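Beneath this line is the structure, given in C-alpha cells, with notes to follow.
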Amino acid sequence: QVQLVESGGGLVQAGGSLRLSCVASGSIFSLDVLAWYRQAPGKQRELVAADVGGGITNYADSVKGRFTISRDNAKNTVYLQMNSLKPEDTAVYYCNLRRWSSGLRYWGQGTQVTVSS
Numbered sequence: 281q282v283q284l285v286e287s288g289g290g291l292v293q294a295g296g297s298l299r300l301s302c303v304a305s306g307s308i309f310s311l312d313v314l315a316w317y318r319q320a321p322g323k324q325r326e327l328v329a330a331d332v333g334g335g336i337t338n339y340a341d342s343v344k345g346r347f348t349i350s351r352d353n354a355k356n357t358v359y360l361q362m363n364s365l366k367p368e369d370t371a372v373y374y375c376n377l378r379r380w381s382s383g384l385r386y387w388g389q390g391t392q393v394t395v396s397s
C-alpha cells in the first residue's frame with residue numbers, strides 16, 4: 281500500500297503561480313506513471329498532467345504552456361508547477377500513482393487551489 285500526500289495548494293490571484301508537491305510513502309520507480317488530476321465543484325475529475333516515465337509527459341490542452349509536471353524518484357516526489365493561473369484552474373488537485381508492475385493505482389487526499397480574479 282502506498283500513501284500519497286499532497287501539499288502546496290492555496291489561494292492565489294490570477295496570473296500568479298503555485299507549486300504542488302506529492303510525496304509517496306514508498307519508492308517511486310522510473311516506469312511508474314505519476315499524474316495530477318483536478319476536480320472542480322460540480323464537475324468530473326479530469327487529468328491535468330502525467331509523467332509516464334522516460335521523460336515523456338502529457339498535458340491537458342487547457343494547461344499546456346502554463347503547467348509543468350516533474351518527478352524526483354530519489355525523493356519519491358512528483359511536482360506540478362503552475363504558472364499564469366486562471367480562475368478556471370480553481371479545483372481540488374489530486375496526485376495519482378500507477379505502478380508499472382501491477383497496474384495498481386493510488387490517490388492522494390487532494391489539495392485545494394483557489395485562483396481569484
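If you read the sequence shown in our numbering, its first letter stands for residue 281, the second for the next number, and so on.
Ideal Cβ positions, reconstructed from N, Cα and C, are used throughout, including at glycine.
Since this is a predicted model, take the numbers as computed values, not measurements.
Three-state secondary structure assigned by DSSP to residue i
i, result
"A371", "strand"
"A354", "helix"
"F309", "coil"
"L377", "strand"
"G289", "coil"
Beta-carbon contacts of residue i that lie in its chain and below 6 Å, excluding the five residues immediately before and after
i, result
"Q361", "R299 and T348"
"Y399", "Nothing can be reported for residue 399: it is not among the residues displayed for the chain, which extend from 281 to 397."
"R346", "N363 and S364"
Within 8 Å, strictly: CB atoms of residue i and residue j
i, j, result
"C375", "G383", "no"
"S396", "L291", "yes"
"R351", "L314", "yes"
"T391", "S287", "yes"
"P367", "A294", "yes"
Where the beta strand (DSSP E) through residue i begins and ends
i, result
"N363", "Taken as a continuous stretch (DSSP letters only), N363 belongs to no beta strand (DSSP E), as it is neither H nor E."
"S396", "T391 to S396"
"V303", "L298 to A304"
Cβ neighbours of residue i in the same chain (closer than 8 Å, five flanking residues each side left out)
i, result
"G355", "Rather than Gly, the amino acid found at residue 355 in this sequence is Lys. Result list for K355: V303, in chain order."
"A340", "E326, L327, V328 and A329"
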